[in-house]
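Participant: The following block contains the structure, expressed as structure tokens.
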Amino acid sequence: MSSQQADPRELDAVIIGAGFSGLYALYKLRQELGMAVRVFDSADGVGGTWYWNRYPGARCDSESYYYSYSFSEDLEQEWEWTSKYPEQPEILLYLNHVADRFDLRRDIQLSTRIKEAIFDETSNRWQVQTDDGERFSAQFLITGVGCLSATNLPPFQGLDQFEGEWYHTGQWPHEPVDFKGKRVGLVGTGSTGIQATPVIAEDADHLTVFQRTPNYSLPARNALLTAEGQAEVKANYREIRRRTRESRAGFPYAPTEKSAMEYSAEEQQALCESLWQEGGFKFLWGSFEDLLTSEETNNIVAEFFRRKIREVVDDPATAKLLTPTDHPYGTKRPPIDTGYYEAYNRDNVSLVDISNSPIDAITPKGLRIGDTEYEFDIIVFATGFDAMTGALLKIDIRGTEGQTLADKWEGGPLAYLGLQVAGFPNMFTITGPGSPSVLTNMPVAIEQHVDWITACIQHMRTNDLIRIEAKLDAEDAWVDHVNEAAEFTLFPKANSWYVGANIPGKKRVFMPYVAGMIEYKTRCNEVATKGYDGFELRSA
Ligand code: NA7
């Protein structure tokens, strides 16, 4: 009998994705609730984002000691991070260690893509099929597919004719790419392009960067961790975790209590300078409390960045092209770099502004813009992701009455608390659209979601409930609230992937919840305390 015809294997939960989310969800549901769980991932290793993003210079923009799990004190104490901002291989090692340490691998099925998941209203179970035709049946479907995992390769005409090598940064090969002596073209100046530029420039004969929108990048000021520094963090972990959980964005620091307008011009500049010197995300989440709500305050910070770019980049014409003026600081995801602006002072790096003249075609020898052809041996596309919804919509997910998730989300994602979609019972979306997700330090958001989902399932089991579904009116109210929260900020002013602007034809909707982790967590807890208010629960 072929696997297609065999009865589906019965599980309590199917989890899609073996990154930070899926690993923790497996741990919690299996360890704490004793559930029969299976995690699926299309990759041939665990790690999610950190499995795929192996491009040169790939490193975490959050500091290692808080971009990590907090659920196990033993794990915290035994794991040794080597640098402030860990490189991709180190985070991948960490996640592999977690998989081994907690004996997770026996319930993880790799190299397997989930093709479809259909909710059966008779049994109240999800019928799930893999791309190999293997079938599983589970009460719960839990997605941990990542917010930035469906790569965006714009449909450049002629790419298949290119005679050189080309790569998308989000699907980087496992073997090192040799840039030595090569003419390299790099498309995209988001976080990824900005991390990759200085590293590729070290080796390439010449690197040409194609920039559609300039960004405000902050120096990371990475450093190796000392034994004393590590010991201090380890001694203070509980307090650090408390601070991250009680912060707005999952970082262990807070912004000023007053508006920038209540400081003198000298004080404003002094704070900006000290944050610039310190480096990293603190500029975004630990500077002025009204940075993302007041144009006046934002402009003070934006001007500070513009001055820094002029100071670092030698050639004034290049500095001007690199200077963002089209969006407020922080309304596109701010990159953190190591020597990005400095790279443009090298003789072998040049910048091409494509804001008004897009790439017309990829040619056999390179790429063409108008009448100009640029010749390359290697083209690197750092063109980002179909964020927040792309990976979910790649799966054929069908809820009640045969409704597909793609149809439900035609006008933009709809979800209650970013955790459940009305019409899709017993499905939970870890860091789904409508939750703080990408506006936070991800592991903090992931742990909060998985903890909430685990408690919810525990509640259902204790009370003999077999089905939970978000109510439409609760979902509508939440979507309105997410939009209102965004409207109160400067975020909607930017053409960012937060609103789907990077994907032609994608409905413009502000997808993450911007009011902050603490506000969000309070609301989630209230919903649970009130007997899962806004959800319809059914007993057997
Ligand atoms: P991003 O931040 O989406 O950056 C993608 C870059 O590629 C950005 O500069 C885009 O310009 C550019 N882009 C996208 N499509 C095109 C086309 N068609 N032509 C030219 N340039 C294009 O992705 P990243 O991978 O850098 O970062 C994603 C997240 O991963 C990051 O924020 C972290 O959270 C980790 P645009 O700005 O849209 O004009």
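Just so we're aligned, residue 1435 is where the sequence shown starts under the working numbering, counting upward by one. Every residue, glycine too, gets a C-beta built ideally from N, C-alpha and C.
(1) Please report the straight-line C-alpha distance between R1547 and D1478, rounded to a whole angstrom.
(2) Starting from A1661, follow the alpha helix (DSSP H) in both directions and report where the run begins and ends.
(3) If we count the other Cβ atoms within 10 Å of its Cβ and call it buried at 16 or more, is F1922 buried or exposed?
(4) Extract the residue ranges of the alpha helix (DSSP H) inside the stretch 1926 to 1968, only unbroken runs of 4 or more that lie entirely within it.
(5) What number of angstroms, rounded off, separates the C-alpha of E1918 from the C-alpha of Y1850?
(6) Could you pull out every unbroken alpha helix (DSSP H) segment of at least 4 residues lying fully inside the stretch 1446 to 1507, listed in chain order?
(7) Taking the straight line between their C-alpha atoms, what separation do you get for S1437 and Q1563?
(8) Could you pull the start and end residues of the alpha helix (DSSP H) that M1876 belongs to?
(9) Exposed or buried, E1466, counting other C-beta atoms within 10 Å across all chains shown (16 or more means buried)?
(10) Determine the extent of the beta strand (DSSP E) in which D1787 is found, giving its start and end residues.
(11) I need the boundaries of the alpha helix (DSSP H) containing I2026, first residue and last residue.
(12) Please confirm whether V1872 and P1750 have their CB atoms less than 8 Å apart.
(13) Between R1559 and Q1543, how many whole angstroms is the CB-CB distance? I'm expecting something under 8 Å.
(14) Should the stretch 1641 to 1661 be regarded as contacting the stretch 1751 to 1763, the criterion being three or more beta carbon pairs within less than 8 Å?
(15) In chain order, what residues of the same chain lie with their CB nearer than 6 Å to the CB of L1827, ignoring the 5 residues before and after it?
(16) Taking buried to mean at least 16 other C-beta atoms within 10 Å of its own C-beta, is R1972 buried or exposed?
(17) Give the secondary structure of S1436 by DSSP, where H, G and I count as helix, E and B as strand, and everything else as coil.
(18) State the beta-bridge partners of G1800 as determined by DSSP.
(19) Considering Cα atoms alone, identify which of T1772, F1944, Y1778 is closest to G1845.
(20) Determine the contact status of P1588 and D1771, defining contact as a CB-CB distance below 8 Å.
(21) Considering only heavy atoms of ligand 1, does any lie closer than 7 Å to the CB of G1936?
(22) Quick check on this structure: which residue in T1896, E1701, P1523, N1929 has the alpha carbon closest to the alpha carbon of G1965?
(23) Do Y1503 and V1532 have their beta-carbon atoms positioned less than 8 Å apart in this structure?
(24) For ligand 1, I want to know if P1758 counts as a neighbour, meaning its beta carbon is within less than 7 Å of at least one of the ligand's heavy atoms.
(25) Taking 7 Å as the cut-off, is the beta-carbon of P1975 closer than that to any non-hydrogen atom of ligand 1?
(26) Taking the C-alpha atoms as reference points, what is the distance between D1805 and S1791?
(27) Within the continuous alpha helix (DSSP H) that includes T2026, where are the two ends?
(28) Which residues bound the alpha helix (DSSP H) around T2020?
(29) Quick check: the Cα distance between M1435 and F1570, rounded to an integer number of angstroms?
(30) Can A1753 and R1744 be called in contact, C-beta distance under 8 Å?
(31) Taking 7 Å as the cut-off, is the C-beta of I1743 nearer than that to any heavy atom in ligand 1?
(32) Would the beta-carbon of L1575 fall within 8 Å of that of L1457?
(33) May I have the straight-line CA-CA distance separating P1769 from F1858, to the nearest angstrom?
(34) Please name the residue, chosen from I1900, G1852, I1952, K1927, that lies closest to A1908 on a Cα-to-Cα basis.
(35) Please determine whether the Cβ atom of I1796 lies at a distance below 7 Å from any heavy atom of ligand 1.
(36) Compute the minimum distance between the beta carbon of I1449 and the heavy atoms of ligand 1, and state whether it is under 7 Å.
Facilitator: In this structure, then:
(1) Their backbone Cα atoms lie some 11 Å apart in a straight line.
(2) Where A1661 is concerned, the enclosing alpha helix (DSSP H) stretches over 1661 to 1669.
(3) It is exposed - the Cβ of F1922 has fewer than 16 other Cβ atoms within 10 Å.
(4) Complete alpha helix (DSSP H) runs here, min 4: 1951 to 1963.
(5) For E1918 and Y1850, the gap between their C-alpha atoms comes out near 15 Å.
(6) For secondary structure counted as the alpha helix (DSSP H) over 4 or more consecutive residues, the stretch 1446 to 1507 holds these complete runs in sequence order: 1454 to 1467, 1483 to 1486.
(7) In this prediction, S1437 scores a pLDDT of 45, lower than 50, which makes its location untrustworthy; no coordinate-derived value is stated.
(8) Residues 1876 to 1896.
(9) With fewer than 16 other Cβ atoms within 10 Å, it is exposed.
(10) Looking at the DSSP string, the run of the beta strand (DSSP E) that includes D1787 is 1783 to 1787.
(11) This structure does not reach residue 2026, given that the chain is present from 1435 up to 1974, and the question cannot be answered.
(12) Cβ distance not < 8 Å, so V1872 and P1750 don't count as in contact.
(13) At roughly 19 Å, the Cβ-Cβ gap does not stay under 8 Å, so R1559 and Q1543 are not in contact.
(14) Cβ pair count under 8 Å is three or more, so yes.
(15) Contacts found: A1840.
(16) Exposed, by the Cβ-count rule.
(17) Because S1436 carries a pLDDT of 44, less than 50, the predicted location of this residue cannot be relied on, and no value is offered for it.
(18) In DSSP, G1800 forms a bridge with E1809.
(19) It is F1944.
(20) No; because the gap between Cβ atoms is not below 8 Å, this pair is not in contact.
(21) Correcting the residue type first, residue 1936 is Asn in the shown sequence and not Gly. True, at least one ligand heavy atom lies under 7 Å from that Cβ.
(22) Cα-wise, what sits closest to G1965 is T1896.
(23) Judged by their CB atoms, V1532 and Y1503 are nearer to each other than the 8 Å cut-off.
(24) Flag unset: Cβ of P1758 not near ligand 1.
(25) This structure cannot settle anything about residue 1975, because the visible part of the chain is limited to 1435 through 1974.
(26) Cα to Cα, the separation comes out at about 11 Å.
(27) Limits of the chain in this structure are 1435 at one end and 1974 at the other, which puts residue 2026 out of reach.
(28) A query on residue 2020 cannot be resolved here, the shown segment of the chain reaching from 1435 to 1974 and no further.
(29) Per-residue confidence for M1435 stands at a pLDDT of 40, beneath the threshold of 50, marking its modelled position as unreliable; the derived number appears in the next sentence. If I take the Cα positions, the gap works out to 16 Å.
(30) Yes, the pair counts as a contact, with Cβ atoms nearer than the cut-off.
(31) Look at I1743: its beta carbon is at least 7 Å from all of the heavy atoms in ligand 1.
(32) No.
(33) Each residue's Cα considered, the two are about 35 Å apart.
(34) For the set I1900, G1852, I1952, K1927, the Cα lying nearest the Cα of A1908 is the one of G1852.
(35) Not one heavy atom of ligand 1 falls within 7 Å of the beta-carbon of I1796.
(36) Not so, every heavy atom of ligand 1 lies at least 7 Å from the Cβ.
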